[in-house]
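Numbering (the working numbering), first residue to last: 77 to 236.
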């Protein structure tokens, strides 16, 4: 069943508002899903990129999949450090208080771009909804990514 755009966006907003994207464990699970997907579905993704964009398979592997994999590994390694609250100096007028900055995602992101950009949002805990450009006649890569995200339990991406 195809959701309406409004329903898809509302579902992602509710998921974000419920705090589902905030825990490190959830973000790490999403990153592991993207990593697993990029590894297991490498041939299908390269084929889709070749069909859509004429991108040679070697180029798709080097410039797309290897970057996504290395980004996921880097994010998994540093995720807890990035999420850790940072102590900052408090203003004198607030003495004797302490101050800190807690990095947290701010909300839903609409991406009107190529297939891969929403995957880069996952390590920031962002929910993403993606709309393919109107002039993209063969959106195989986007459809492939939607399918593999669903089958690999990556649940913060919706295609409009």
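C-beta: ideal position from N, C-alpha, C; glycine also.
Following the continuous alpha helix (DSSP H) through residue i, name the residue where it begins and the one where it ends.
{"i": "residue 163", "result": "That residue, residue 163, is in no alpha helix (DSSP H); its beta strand (DSSP E) goes 162–164."}
{"i": "residue 124", "result": "118–129"}
{"i": "residue 84", "result": "81–93"}
{"i": "residue 133", "result": "133–136"}
{"i": "residue 156", "result": "142–159"}
For residue i, which of the options has the nearest alpha-carbon?
{"i": "residue 174", "options": "125, 163, 95 and 118", "result": "163"}
{"i": "residue 180", "options": "97, 82 and 135", "result": "97"}
{"i": "residue 104", "options": "147, 168 and 134", "result": "147"}
{"i": "residue 115", "options": "126, 99, 141 and 128", "result": "141"}
{"i": "residue 106", "options": "167, 134, 151 and 89", "result": "151"}
{"i": "residue 178", "options": "171, 172, 169 and 161", "result": "161"}
{"i": "residue 118", "options": "86, 136 and 129", "result": "136"}
{"i": "residue 108", "options": "145, 84 and 165", "result": "145"}
Spatial neighbours of residue i within its chain, please: CB distance less than 8 angstroms, with the 5 preceding and 5 following residues excluded, ordered by chain position.
{"i": "residue 265", "result": "The requested residue 265 is not part of the displayed model; the chain covers only 77 to 236."}
{"i": "residue 82", "result": "none"}
Would you give the residue range spanned by the beta strand (DSSP E) that residue i belongs to?
{"i": "residue 176", "result": "175–177"}
So residue i and residue j are in contact, right, with Cβ under 8 angstroms, and what is the actual spacing, rounded?
{"i": "residue 125", "j": "residue 149", "result": "Incorrect: roughly 21 angstroms between the Cβ atoms, too far for contact."}
Whose C-beta lies closer than 6 angstroms to the C-beta of residue i among residues of the same chain, with five residues either side of it excluded?
{"i": "residue 171", "result": "none"}
Looking only at its chain, what residues have a beta carbon closer than 7 angstroms to the beta carbon of residue i, apart from the 5 residues adjacent to it on each side?
{"i": "residue 166", "result": "173, 174 and 175"}
{"i": "residue 133", "result": "122 and 126"}
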